[in-house]
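Colleague: Questions regarding the structure given below will be posed in turn.
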Amino acid sequence: MAQIECRNLTLGYENVPVVSDLSFSVEKGNYLCIVGENGAGKSTLMKAILGLHKPISGQITRGDGLEKGSIGYLPQQTDIQKDFPASVGEIVLSGCQGGRGFRPFYTKLQKARARMCMEWLNIGGLSRSCYRNLSGGQQQRVLLARALAASGELLVMDEPFTGLDPLVTQEIYDLIRHINKLHEVTIIMVTHDMEGAIKNADHILHLGDSIFFGSVEEYLETEEGKAFASTEKGGDRR
Amino acid sequence: MNSGLSLAFEYLRIYPFVRYAVIVGVLVSLAASLLGVTLVLKRFSFIGDGLSHVAFGAISIATVMHFTSYVQFTLPVTIICAILILRTGRDSKINGDAVIAMLSVASLAVGYMVMNVFGASSNLSGDVCTTLFGSTSILTLSRTEVTSTVILATVVVGIFVLFYNKLFAVTFDEDFARASGTNTEAYNLLIAVVVAVVIVIAMDLVGSLLISALIIFPALSAMRMFNSFKSVTICSGVLAVISSLTGMLISIVAGTPVGATIVCTQIVMFAVSCAAGSTLRRGAA
Numbered sequence: 014m015a016q017i018e019c020r021n022l023t024l025g026y027e028n029v030p031v032v033s034d035l036s037f038s039v040e041k042g043n044y045l046c047i048v049g050e051n052g053a054g055k056s057t058l059m060k061a062i063l064g065l066h067k068p069i070s071g072q073i074t075r076g077d078g079l080e081k082g083s084i085g086y087l088p089q090q091t092d093i094q095k096d097f098p099a100s101v102g103e104i105v106l107s108g109c110q111g112g113r114g115f116r117p118f119y120t121k122l123q124k125a126r127a128r129m130c131m132e133w134l135n136i137g138g139l140s141r142s143c144y145r146n147l148s149g150g151q152q153q154r155v156l157l158a159r160a161l162a163a164s165g166e167l168l169v170m171d172e173p174f175t176g177l178d179p180l181v182t183q184e185i186y187d188l189i190r191h192i193n194k195l196h197e198v199t200i201i202m203v204t205h206d207m208e209g210a211i212k213n214a215d216h217i218l219h220l221g222d223s224i225f226f227g228s229v230e231e232y233l234e235t236e237e238g239k240a241f242a243s244t245e246k247g248g249d250r251r
Numbered sequence: 020m021n022s023g024l025s026l027a028f029e030y031l032r033i034y035p036f037v038r039y040a041v042i043v044g045v046l047v048s049l050a051a052s053l054l055g056v057t058l059v060l061k062r063f064s065f066i067g068d069g070l071s072h073v074a075f076g077a078i079s080i081a082t083v084m085h086f087t088s089y090v091q092f093t094l095p096v097t098i099i100c101a102i103l104i105l106r107t108g109r110d111s112k113i114n115g116d117a118v119i120a121m122l123s124v125a126s127l128a129v130g131y132m133v134m135n136v137f138g139a140s141s142n143l144s145g146d147v148c149t150t151l152f153g154s155t156s157i158l159t160l161s162r163t164e165v166t167s168t169v170i171l172a173t174v175v176v177g178i179f180v181l182f183y184n185k186l187f188a189v190t191f192d193e194d195f196a197r198a199s200g201t202n203t204e205a206y207n208l209l210i211a212v213v214v215a216v217v218i219v220i221a222m223d224l225v226g227s228l229l230i231s232a233l234i235i236f237p238a239l240s241a242m243r244m245f246n247s248f249k250s251v252t253i254c255s256g257v258l259a260v261i262s263s264l265t266g267m268l269i270s271i272v273a274g275t276p277v278g279a280t281i282v283c284t285q286i287v288m289f290a291v292s293c294a295a296g297s298t299l300r301r302g303a304a
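So the protein sequences, as listed, match chains A and B. All the letters of the first sequence, read from the start, carry residue numbers 14 to 251 under our numbering. All the letters of the second sequence, read from the start, carry residue numbers 20 to 304 under our numbering.
Right under this line is the structure:
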């Protein structure tokens, strides 16, 4: 059974659809990139998967023991976080919140889990460091570790490379692939970076005038895939 | 200085009402400072300010209508306005800070108006001044008033401790918290209600114009010096206790107004924290 299955999904605001009649499914261990132009509904779809946005019609089914709360989310950084006094350890630990009901304090198991996630992302030594003093790449690792602490099943990422330089971007890509392959964590990523998506993901969901869902190889055969690939070669890189 | 201090302790020893005032003052500023950390970081500092003006309006109406205990009237009104402000902040035609500005000037105007037209007091400007800047009435608190304030303040501190981890998650990243199954709406509501409670119980101590000082100064001072949420929170609480104690002792001995003295102590404390913070950073670099 698929981890996430969307059937005839229509999403939008105040009954004006942004995405209509969308169907696709994500299996455990998949690495899916959601691409498309601005306003094509990428973020809306992501919010719907997270349960933060109610679809107009259609269904999103979660399978394989993926209850509410067991999706790890890597949001874009907010202004509030830029000068927030918090240690790395506190932030990663806060990922263990979901589904804890009314238990006010963390258990030993949750603390151990947070430590393990930090080790996975090579930030074990930063536990006591202050988040606001870290570099952009390190901050992203911290937020990634928090997402992992929330779920070892599925991570949803919202443009994780905004504001990072190419070298750090590559580092984070490697980390994500590592998590995906070694720990079999499913990845769903909203991104503008076509090149990176084609190189790293195994599935592509293209939103826009025409919707495409399939493997990367299939995508490169489509009109959109070819168009994107050629503009990338044309030197339109950021 | 030394004789001043011993004089203050003498007062504490002899007069029970001074003891009450000190207990109430310390507890109220502790509650306000803990909450302040969340409010400042969530960019909600102005909500405290706006709500304190609402409380002024409510208190004037309560005075004119001769309610025996104005808390019964002020508390619900302030809570309702707190919820209103938080709600409209998100999805409305008028944005959040405009709503706060509107509510606070409106309450000030209505409050003063009501007191002027219907007030029976011969000393109107004195009354208004007292509500705005706090009164010496903190020294005339009755036993029941002390008990109810102590209970409310303890409840606020208790809530903060119990929900500390949740509050951190909701403050640091609301979207993430929501995605991982935390009911962020409920926590925002909780914050609003608790802020309203703190403001109402702090009215007597520093008056409505100075309440936001109790909320923001300790948090801001602590944030200058510390780098983790836990240490900022603890430091904020400690600074609040120290500054309110110092402020009250000074005001008792020197005969200065309680609220203003406490706030002045906090201003000094903030300056010291800034200096300490930059020394610490230079030492670390």
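Beta carbons are placed, not taken as given, at the ideal position from N, Cα and C, and that holds for glycine.
1. Name the residues in the segment 179 to 190 of chain A whose C-beta lies less than 7 Å from a C-beta of chain B; which are they?
2. Apart from the five residues just before and just after Leu229 of chain B, which ones in its own chain have a Cβ nearer than 6 Å to its Cβ?
3. Nearest-angstrom Cα distance between Ile261 of chain B and Phe75 of chain B?
4. If the criterion is Cβ atoms closer than 8 Å, does the pair Ile73 of chain A and Ile17 of chain A meet it?
5. If you run the structure through DSSP and keep just helix, strand and coil, what is Leu147 of chain A?
6. From Ser88 of chain B to Ala77 of chain B, what distance separates their C-alpha atoms?
7. Can you pull the chain B residues whose beta carbon is under 8 Å from the beta carbon of Ile84 of chain A, in chain order?
8. Taking 8 Å as the threshold (beta carbon to beta carbon), is Ala146 of chain B in contact with chain A?
9. By a C-beta neighbour count over all protein chains shown, 10 Å radius and 16 as the cutoff for buried, is Met84 of chain B buried or exposed?
10. Taking the beta carbon of Gly52 of chain A as the centre, do at least 16 other beta carbons fall within 10 Å, making it buried, or is it exposed?
11. Please list the residues of the segment 229 to 254 of chain B that have a C-beta atom closer than 9 Å to any C-beta atom in chain A, keeping them in chain order.
12. According to the neighbour-count rule (16 or more other Cβ atoms, all chains shown, within 10 Å of its Cβ), is Ala50 of chain B buried or exposed?
13. Taking C-beta to C-beta, are Ile62 of chain A and Val169 of chain A nearer than 8 Å?
14. Rounded to whole angstroms, what is the Cα-Cα separation between Leu24 of chain B and Arg32 of chain B?
15. Counting only Cβ pairs nearer than 7 Å, list the residues of chain A close to Ala188 of chain B.
16. Ignoring anything shorter than 4 residues, give me the alpha helix (DSSP H) runs that lie fully in the segment 232 to 279 of chain B, in order along the chain.
17. For a quick check, are the C-beta atoms of Val155 of chain A and Ile185 of chain A less than 8 Å apart?
18. Within its chain, find whatever has a CB closer than 8 Å to the CB of His216 of chain A; leave out the 5 residues flanking it on each side and keep chain order.
19. Out of A:Asp178, A:Glu172, A:Lys212, A:Arg75, point me to the one whose CA is closest to Arg190 of chain A's CA.
20. Take Ser223 of chain A as the anchor and find which of A:Glu231, A:Ser33, A:Trp133 has the nearest alpha-carbon.
21. Compute the Euclidean distance between the alpha carbons of Tyr39 of chain B and Thr163 of chain B, then round it to the nearest angstrom.
22. Using a C-beta to C-beta distance shorter than 7 Å, which residues of chain A count as neighbours of Arg62 of chain B?
23. Closest by CA to Ile254 of chain B, which one among B:Pro35, B:Leu46, B:Ser52?
24. In three-state DSSP terms, what is Arg20 of chain A?
25. Using a C-beta cutoff of 8 Å, does Phe86 of chain B count as contacting chain A?
26. Which residues, in chain order, does the segment 60 to 79 of chain A contribute to contact with chain B at a C-beta distance below 8 Å?
27. Kindly provide the ranges of any alpha helix (DSSP H) runs that are 4 or more residues long and lie completely inside the segment 23 to 64 of chain A, ordered along the chain.
28. Which residue from A:Glu166, A:Met202, A:Ala160 puts its Cα closest to that of Phe174 of chain A?
29. State yes or no: is the C-beta of Ile80 of chain B within less than 8 Å of the C-beta of Val133 of chain B?
30. Between which two residues does the beta strand (DSSP E) containing His219 of chain A stretch?
31. Within this structure, are the beta carbons of Val196 of chain B and Ala188 of chain B separated by less than 8 Å?
32. Going by C-alpha distance, which of A:Glu132, A:Leu147, A:Met207 is nearest Leu188 of chain A?
33. For the segment 161 to 183 of chain B, enumerate the residues whose C-beta is nearer than 9 Å to any C-beta of chain A, in chain order.
34. Can you tell me the Cα-Cα spacing of Leu233 of chain B and Val59 of chain B, whole angstroms?
35. Under 7 Å: does the beta carbon of Pro179 of chain A sit that close to some heavy atom of the ligand SAH?
36. Based on Cα-Cα distance, which residue from A:Leu58, A:Glu208, A:Asn28, A:Ala15 lies nearest to Leu220 of chain A?
Modeller: According to the structure data:
1. none
2. Translated into positions along the second sequence, residue 229 of chain B becomes position 210. These residues qualify, in order along the chain: Gly278, Val282.
3. Along the second sequence, one-based indexing puts residue 261 of chain B at 242. Along the second sequence, one-based indexing puts residue 75 of chain B at 56. Ile261 of chain B and Phe75 of chain B: Cα-Cα distance of roughly 27 Å.
4. Position 60 of the first sequence, counted from the start, is the residue given in the question as residue 73 of chain A. Position 4 of the first sequence, counted from the start, is the residue given in the question as residue 17 of chain A. Going by C-beta atoms, Ile73 of chain A is nearer than 8 Å to Ile17 of chain A.
5. If you number the first sequence from 1, residue 147 of chain A lands on position 134. Three-state DSSP puts Leu147 of chain A in coil, outside helix and strand.
6. Start at 1 with the first residue of the second sequence, and residue 88 of chain B comes out as number 69. Start at 1 with the first residue of the second sequence, and residue 77 of chain B comes out as number 58. The straight-line gap from Cα to Cα measures roughly 12 Å.
7. Translated into the one-based positions of the first sequence, residue 84 of chain A becomes position 71. Result: Ala198, Ser199.
8. The sequence position of residue 146 of chain B within the second sequence is 127, counting from 1. The sequence shown places Asp at residue 146 of chain B, not Ala. With 8 Å as the cut-off, Asp146 of chain B does not count as an interface residue toward chain A.
9. Stepping through the second sequence from its first residue, residue 84 of chain B is reached at position 65. Exposed: under 16 other Cβ atoms inside 10 Å.
10. The residue labelled residue 52 of chain A in the question sits at position 39 within the first sequence. Gly52 of chain A is exposed by the Cβ-count criterion.
11. Ala241, Met242, Phe245, Asn246, Ser247, Phe248, Lys249, Ser250, Val251
12. Taking the second sequence and counting its residues from 1, the one referred to as residue 50 of chain B is at position 31. So Ala50 of chain B ends up on the buried side.
13. The residue given as residue 62 of chain A occupies position 49 in the first sequence. The residue given as residue 169 of chain A occupies position 156 in the first sequence. Yes, the Cβ-Cβ distance between Ile62 of chain A and Val169 of chain A is below 8 Å.
14. Numbered from its first residue, the second sequence carries residue 24 of chain B at position 5. Numbered from its first residue, the second sequence carries residue 32 of chain B at position 13. Leu24 of chain B and Arg32 of chain B: Cα-Cα distance of roughly 12 Å.
15. In the second sequence, residue 188 of chain B corresponds to position 169, counting from 1. Correct list: Ser107, Gln110.
16. 248 to 273
17. Position 142 of the first sequence holds residue 155 of chain A. Position 172 of the first sequence holds residue 185 of chain A. Not closer than 8 Å, so no.
18. As a working mapping, residue 216 of chain A is identified with position 203 in the first sequence. The residues are Val39, Asn43, Tyr44, Leu45, Cys46, Phe226, Gly227, Ser228, Val229.
19. Stepping through the first sequence from its first residue, residue 190 of chain A is reached at position 177. Residue A:Lys212 is the option with its Cα nearest to Arg190 of chain A.
20. Locating residue 223 of chain A in the first sequence gives position 210, counting from the first residue. Per the Cα distances, A:Ser33.
21. Within the second sequence, the letter at position 20 stands for residue 39 of chain B. Within the second sequence, the letter at position 144 stands for residue 163 of chain B. Whole-angstrom Cα-Cα distance: 11 Å.
22. On the second sequence, residue 62 of chain B is found 43 positions in, with the first residue counted as 1. Simply Ile93.
23. In the second sequence, residue 254 of chain B corresponds to position 235, counting from 1. In the sequence as presented, Ile is not what sits at residue 254 of chain B; that position holds Cys. With distances taken between Cα atoms, Cys254 of chain B lies closest to B:Ser52.
24. Working through the first sequence from its first residue, we reach residue 20 of chain A at position 7. In the structure shown, Arg20 of chain A sits in a strand (DSSP, three-state: E or B).
25. Stepping through the second sequence from its first residue, residue 86 of chain B is reached at position 67. Chain A contact via Cβ: absent.
26. Leu63, Gly64, Leu65
27. 55 to 63
28. As a working note, residue 174 of chain A is residue 161 in the first sequence. When only C-alpha atoms are compared, the closest one is A:Met202.
29. The residue you call residue 80 of chain B lines up with position 61 of the second sequence. The residue you call residue 133 of chain B lines up with position 114 of the second sequence. Contact flag set, yes.
30. Position 206 of the first sequence, counted from the first residue, corresponds to residue 219 of chain A. Note, His219 of chain A: beta strand (DSSP E), 216 to 220.
31. Taking the first residue of the second sequence as 1, we reach residue 196 of chain B at position 177. Taking the first residue of the second sequence as 1, we reach residue 188 of chain B at position 169. The displayed chain sequence assigns Ala, not Val, to residue 196 of chain B. Going by C-beta atoms, Ala196 of chain B is nearer than 8 Å to Ala188 of chain B.
32. Here residue 188 of chain A refers to the residue found at position 175 when the first sequence is read from its first residue. Nearest of A:Glu132, A:Leu147, A:Met207 to Leu188 of chain A, Cα basis: A:Glu132.
33. Val180, Leu181, Phe182, Tyr183
34. Taking the first residue of the second sequence as position 1, residue 233 of chain B is located at position 214. Taking the first residue of the second sequence as position 1, residue 59 of chain B is located at position 40. Each residue's Cα considered, the two are about 12 Å apart.
35. Of ligands this structure carries none, so the ligand SAH is not represented either.
36. Here residue 220 of chain A refers to the residue found at position 207 when the first sequence is read from its first residue. When each option's Cα is compared against that of Leu220 of chain A, the closest is A:Leu58.
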